[in-house]
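Below is one structure, written out as structure tokens; comments come after it.
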Amino acid sequence: MRALYTYEGDSNDLTLAASGEGGLQEVSATFDSSCIMYGFCSLKEPTATLPRYVLINWVGEDVPDARKCACASHVATIAEFFQVSATKVTPHLPAHVR
-6 MRALYTYEGD SNDLTLAASG EGGLQEVSAT FDSSCIMYGF CSLKEPTATL PRYVLINWVG
54 EDVPDARKCA CASHVATIAE FFQVSATKVT PHLPAHVR
């Protein structure tokens, strides 16, 4: 299970950018270097009985610094919304999410 959210234009309103049954590779393939995005993904580890949930805070390298600063405080609110999130990561390149 995966879901990827991004902001609508320059607003602080989130919208669903992508969703599906894929894992981290599918999420990382949809990252946009000009956007701030929040990915939520469940991972099934071979030795675990329950899935692990990961919240990804993606900040594209082409996002203006002012927008990065304005959205930096939103991560805590997003993490609170996804209460079951056990792990939070902030990758800098799509290849860092594997």
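Using this note's numbering, the first residue of the sequence shown is number -6, and each one after it goes up by one.
Heads up, the beta-carbon is just placed ideally off N, CA and C, and yes, glycines get one too.
Could you say which of the options lies nearest to residue i if we only look at CA atoms?
| i | options | result |
| --- | --- | --- |
| Ile29 | Thr70, Glu73, Leu(-3), Thr42 | Leu(-3) |
| Ala72 | Ile49, Leu7, Gly53 | Ile49 |
| Lys37 | Leu17, Leu7, Asn5 | Leu17 |
| Phe75 | Asp58, Asp6, Val47 | Val47 |
| Gly13 | Asn5, Gly2, Arg(-5) | Arg(-5) |
| Glu54 | Asp25, Pro44, Thr(-1) | Asp25 |
| Ala63 | Glu1, Asn5, Thr(-1) | Asn5 |
| Cys34 | Arg45, Thr40, Ala65 | Arg45 |
What whole-angstrom Cβ distance do residue i and residue j have, given they're in contact under 8 Å?
| i | j | result |
| --- | --- | --- |
| Ser27 | Val56 | 6 Å |
Go ahead and pull the three-state DSSP assignment for residue i.
| i | result |
| --- | --- |
| Thr(-1) | strand |
| Thr8 | strand |
| Ser21 | helix |
| Phe74 | helix |
| Val56 | coil |
| Cys34 | strand |
What does a CB cutoff of less than 7 Å around residue i pick up in its chain, not counting 5 residues either side in sequence?
| i | result |
| --- | --- |
| Cys68 | Strictly speaking, residue 68 in this sequence is Val, with Cys absent from that position. Same-chain partners within the cutoff: Asn50. |
Spatial neighbours of residue i within its chain, please: C-beta separation below 8 Å, excluding the five flanking residues on both sides.
| i | result |
| --- | --- |
| Gly15 | Arg(-5) |
| Lys61 | Ile29, Val52 |
| Tyr0 | Asp6, Leu7, Thr8, Cys28, Ile29, Cys64 |
Ordered along the chain, which non-local residues of its own chain (more than five positions away) have a Cβ less than 6 Å from that of residue i?
| i | result |
| --- | --- |
| Thr23 | Leu(-3), Ala11 |
| Asp3 | none |
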